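Worksheet: the structure to be examined is printed underneath.
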Amino acid sequence: MNRVAQSDLKGLIDQARGGDASVLGKLLEGYRNYLTLLARLSLQKRLQGKLDESDLVQEAFLEAYRDFCQFRGTTEKELTSWLRKILAHNLANVVRHYCGTRGRDVRLERELEVELERSSQIADPGLVAAQSSPSREAAHREQMVLVADALSHLREDYREVLILRHLESLSFPEVAKRMGRTLSSVDKLWVRALARLRRVLGVVS
Amino acid sequence: MNPTGAWSPELEKVAQPVATAGRESSLPLDDPRVIQAVREYLAALEAGKKPDRLSFLARFPEIASPLAECLDALEFMHAASPFPAEKRVSRRHGHRPRRGSLGRLPDFEGNRAGRHGRGV
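Protein chains in written order, with the working numbering: chain A, 5 to 209; chain B, 7 to 126.
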């Protein structure tokens with residue numbers, strides 16, 4: 005797992021506040037997958053994927069690095085919330101640039117913050133808590149951080165089918181169209197991706 | 007562990023498909039029965055139900071092992087979905103939320119957390 009244990013997080017935050025640049029870099033890097041996934045979902049929804057999310061995330065990281073002294077939280081929840089605000093600010097600038105009239109709406113940045121926060125929340129925490137062992141583990145962490153890390157360990161077509169079906173909420177025919185595959189091929193890919201994800205969750209958790 | 011967080015061949019080896027990972031899972035994952043069962047379970051989740059796992063698996067004794075592994079991940083991904091059951095239903099009935107419409111928003115002007123207001 006590329007993320008620090010929750011129990012170590014406060015110590016790392018303290019060290020980063022104390023000016024340890026390498027610790028800050030390590031701390032932030034642990035949320036790259038998370039921010040990349042959130043940026044992808046937002047960009048896909050608003051700009052139909054016209055922009056590469058990695059550039060936005062890199063920019064957010066640079067700003068987080070620069071402005072870390074403004075962060076006053078101590079928990080993962082507070083840290084992810086802070087990072088989402090930075091990402092939302094940068095997303096708003098991009099959307100304003102691409103979207104003309106709609107983009108000039110002054111509520112956009114706050115709206116994006118809310119949208120990113122919603123993307124971060126688990127839809128059904130009771131389901132997660134009640135069932136499988138990796139899910140039980142996930143219940144104690146920021147769910148979407150764990151999802152993003154787990155998906156990052158999958159090969160691209162597996163990751164894609166799971167994101168399209170479950171996070172972008174496309175139907176199977178829509179997924180097939182987006183991926184340029186037959187419906188039958190998407191079915192098989194999806195099931196294999198789920199099985200692979202289960203194994204990865206065992207490792208990541 | 008992979009310090010970069012990226013996909014790697016090593017992780018792929020660890021994460022071999024259930025179908026080839028051990029003697030207890032000798033059926034291929036693309037067996038139509040597995041696909042159909044996972045689809046059925048997803049449909050139940052998306053309908054807002056919480057199927058009883060043991061009862062569900064008991065219906066498919068021949069594929070129970072690979073099916074169980076798929077269901078673990080399925081529940082995990084479903085729980086992360088931004089569109090839980092009730093919203094999916096409203097979308098199907100033509101009440102898809104407007105793009106950018108995310109429900110009531112707090113007073114933006116009074117609470118704006120901009121470049122200089124990011125402190126938690």
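Think of the CB as a built atom: it goes at the ideal place given N, C-alpha and C, for glycine as much as any other residue. These numbers were taken from a predicted model, which means no experiment stands behind them.
Could you check whether the Cβ of A:M183 sits closer than 7 angstroms to any heavy atom belonging to the ligand GDP? The ligand GDP is not part of this structure, which contains no ligands at all.
Compute the Euclidean distance between the alpha carbons of A:R169 and A:V179, then round it to the nearest angstrom. Their backbone Cα atoms lie some 7 angstroms apart in a straight line.
Contact between the segment 155-168 of chain A and the segment 194-208 of chain A is defined here as three or more beta-carbon pairs at a separation below 8 angstroms; is this criterion met? They touch, by the three-pair rule.
Does the distance from the CB of A:L205 to the CB of B:F82 come in under 8 angstroms? Yes; because the gap between Cβ atoms is below 8 angstroms, this pair is in contact.
Measuring only the C-alpha atoms, how far is A:T78 from A:K14? So the two alpha carbons sit approximately 5 angstroms from each other.
Please state whether the Cβ-Cβ distance between A:L42 and A:R88 is less than 8 angstroms. Taking 8 angstroms as the Cβ cut-off, A:L42 and A:R88 qualify as a contacting pair.
Beta-carbon within less than 7 angstroms of A:S58's beta-carbon, same chain only, minus the 5 sequence neighbours each way: which residues are those? Counting only Cβ-Cβ distances below 7 angstroms, and skipping sequence neighbours, we find T40.
Could you tell me how far apart the beta carbons of A:L95 and A:L66 are, in whole angstroms, since I believe they sit closer than 8 angstroms? About 15 angstroms separates the CB atoms of A:L95 and A:L66; that is not less than 8 angstroms, and the two are not in contact.
When you compare each of A:E172, A:E146 and A:R50 to A:E80 by their alpha carbons, which one comes out closest? For A:E80, the closest C-alpha among the options A:E172, A:E146 and A:R50 is that of A:E146.
Grab the span of the alpha helix (DSSP H) containing A:T40 for me, first residue to last. Following the DSSP letters along the chain, one finds A:T40 inside the alpha helix (DSSP H) bounded by residues R36 to L51.
What are the residues in the segment 30-61 of chain A lying within 9 angstroms of chain B by C-beta distance? Within the segment 30-61 of chain A, the residues whose Cβ lies closer than 9 angstroms to some Cβ of chain B are E33, G34, R36, N37, L45, K49 and R50, listed in chain order.
Within chain E, partners of A:K192 - CB distance below 8 angstroms: Here chain E cannot be found, since the structure's protein chains are A and B.
Three-state secondary structure (DSSP) at A:S173? Of the three classes helix, strand and coil, the one that applies to A:S173 here is coil, per DSSP.
Helix, strand or coil at A:T84 [DSSP, three-state]: Looking at A:T84 - three-state DSSP - the assignment turns out to be helix.
Please classify A:E146: does DSSP put it in a helix, a strand, or coil? Here A:E146 sits in coil by DSSP.
CB contact flag (B:F66, B:R45, <8 angstroms): Cβ distance not < 8 angstroms, so B:F66 and B:R45 don't count as in contact.
Against chain B, does A:L66 count as a neighbour if the rule is that its beta carbon must be under 8 angstroms from one of theirs? Among the residues facing chain B, A:L66 is not included, as its CB has no counterpart in that chain under 8 angstroms away.
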